[in-house]
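**Q**
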Amino acid sequence: MIVLPGHANGMRALTVPNKLLVLSDLLLEESNEDIYRFPAHFWFDWHLLKENNHGR
Numbered sequence: 001m002i003v004l005p006g007h008a009n010g011m012r013a014l015t016v017p018n019k020l021l022v023l024s025d026l027l028l029e030e031s032n033e034d035i036y037r038f039p040a041h042f043w044f045d046w047h048l049l050k051e052n053n054h055g056r
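Sequential numbering of the sequence shown, starting at 1, is according to my numbering.
(1) Are the CB atoms of glycine 10 and tryptophan 43 within a distance shorter than 9 Å?
(2) Does the distance from the CB of serine 13 to the CB of leucine 4 come in under 9 Å?
(3) How far does the alpha helix (DSSP H) with leucine 28 in it reach, from first residue to last?
(4) How is tryptophan 46 classed by DSSP in three states: helix, strand or coil?
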């Protein structure tokens with residue numbers, strides 16, 4: 001996936017234990033200047049997903 005400048009992407013592990021691997025073309029030092037955080041439920045209510053999967 002390519003996330004263009006000015007756009008955002010988010011991900012979340014849905015089950016435990018899971019690991020997410022995120023790759024970037026930025027150096028680690030540069031990535032500190034490219035961190036934007038949004039509330040977890042800003043665009044999506046994660047509780048609905050859990051309810052629709054019957055708690056799985």
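For each residue, glycine too, the CB sits at the ideal point set by N, CA and C.
Note that the coordinates shown come from a computational prediction; the quantities given were computed from them, not determined experimentally.
**A** Inspection of the coordinates gives the following:
(1) A contact, by the Cβ cut-off of 9 Å.
(2) Here residue 13 is alanine; the residue named in the question, serine, does not match the sequence. It is not a contact, given that the beta carbons lie outside the stated cut-off.
(3) 28 to 31
(4) Of the three classes helix, strand and coil, the one that applies to tryptophan 46 here is helix, per DSSP.
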